[in-house]
């Protein structure tokens, strides 16, 4: 019950600022400690407990992953385009970094099904290629 | 006479030890198969066979979108990426089904009270499913990820049927009570 309550609280207070599943996935992955796999959020932990906050954020992370997995390729391309614009980096730098570093590989929840993760990574790769081809065909519009 | 009695005692002792070892090995092997079957079932039901997952992997609207948007190079890339995913899906389904089949062939009869008719029908489904996976693999390999949509649907339907029966066979491993969410909030470090 506490976990559910904490997850709802977290969705309302923190995740409402991130309407796209891609933004939520990246935000939640950034709240996770790389060394332990545990999620940290001081505000949520102070209202509930560290254990409950961690489990609530893990639930929200899985939910964002499921939502992104259910998005069509067209939707994923739009989400990436929106996310890219929100970072205020040059599209060329962004796309090059994402293609080379593949940061989405560390953004999925720990217990994701390997095939689901493979499918999502593959879709990211295609979406990046589409955005790159758009950038090359309309350099002025995208790099503005 | 004393020597004979001690020889017989040693022989009986050895016999008992060997029998208990053989029995223990069978029980341990059974629990391994049960564990693998339980994992296979959960992987099939939660990861590979949900209708929305199957629909996403084989969704042609992605192809239509790619064809409307991108160059021939990206189309080729898309087809090759999807083919890899589809082949992985088939391989995983086949592998998990094989684990379930091993459980049913080996230890299921000791634990699950399936009727003879159900066992025969299950055996038939396993054979059909493994054959369908192989045929699908060949079709996708030769014709690409969207080569056999009907075969995908029927493979997923048979796999779901096998899962339903296997779920009944493995039901005794599932706790009869629901653990409250608050008690599930156990933090597990990643190893």
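Protein chains in written order, with the working numbering: chain A, 472 to 615; chain B, 21 to 211. C-beta: ideal position from N, C-alpha, C; glycine also. Computed from a predicted structure; not experimentally measured.
Taking 8 Å as the threshold, the shortest C-beta distance from residue 571 of chain A to chain B does not fall below it. The bridge partners DSSP lists for residue 503 of chain A are A/510.
Residue 532 of chain A counts as buried, since no fewer than 16 other beta carbons sit within 10 angstroms of its beta carbon.
Closer than 7 Å at the C-beta level to chain B, one finds these residues of the region 561–595 of chain A: 581, 584, 586, 587, 589, 590 and 593. In the three-state reduction of the DSSP assignment, residue 578 of chain A falls in the coil class. For residue 546 of chain A, the enclosing alpha helix (DSSP H) starts and ends at 544–557. By alpha-carbon distance to residue 547 of chain A, the top candidate from B/51, B/164, B/85 and B/66 is B/85. Cβ-Cβ distances below 7 Å link residue 103 of chain B to 160, 164 and 165 in the same chain, with the five nearest sequence neighbours on each side left out; the list follows chain order.
Taking 8 Å as the threshold, the shortest C-beta distance from residue 56 of chain B to chain A does not fall below it. Three or more beta-carbon pairs separated by less than 8 Å link the region 495–502 of chain A to the region 571–587 of chain A, which places the two stretches in contact. Rounded to whole angstroms, the Cβ separation of residue 182 of chain B and residue 120 of chain B is 6 Å, and the two are in contact under 8 Å. Taken residue by residue, none of the region 152–168 of chain B has a beta-carbon sitting less than 9 Å from a beta-carbon on chain A. Not a single C-beta of chain A is nearer than 8 Å to the C-beta of residue 65 of chain B. Residue 28 of chain B sits exposed, since fewer than 16 C-beta atoms from the chains shown fall within 10 Å of its C-beta. If you draw a 10 Å sphere on the C-beta of residue 492 of chain A, you find 16 or more other C-beta atoms in it, and that means buried.
If you draw a 10 Å sphere on the C-beta of residue 124 of chain B, you find 16 or more other C-beta atoms in it, and that means buried.
Listed along chain A, no residue sits closer than 7 Å to residue 138 of chain B by beta-carbon distance, the nearest being about 29 Å off. For residue 513 of chain A, same chain residues with a beta-carbon under 8 Å away, outside a window of 5 residues either side, do not exist. Burial state of residue 530 of chain A is buried, judged by a 10 Å Cβ sphere holding 16 or more other Cβ atoms. Under the Cβ distance rule, residue 81 of chain B counts among the residues neighbouring chain A, one pair being separated by less than 8 Å.
Put simply, the CB of residue 89 of chain B is near chain A, with a gap under 8 Å to one of its CB atoms. Our two residues, residue 542 of chain A and residue 101 of chain B, have alpha carbons roughly 17 Å apart in a direct line. The Cβ of residue 117 of chain B sits no closer than 8 Å to any Cβ of chain A. In the DSSP annotation of this structure, the continuous segment of the alpha helix (DSSP H) that includes residue 169 of chain B starts and ends at 169–189. Closest in C-alpha terms to residue 592 of chain A, from the list B/170, B/77 and B/53, comes B/77.
Burial check for residue 510 of chain A: the Cβ neighbour count within 10 Å reaches 16 or more, so the residue is buried. Boundaries of the alpha helix (DSSP H) around residue 88 of chain B: 80–89. If you draw a straight line from the Cα of residue 566 of chain A to the Cα of residue 122 of chain B, it comes to about 47 Å.
A Cβ-Cβ contact shorter than 8 Å links residue 112 of chain B with residue 68 of chain B.
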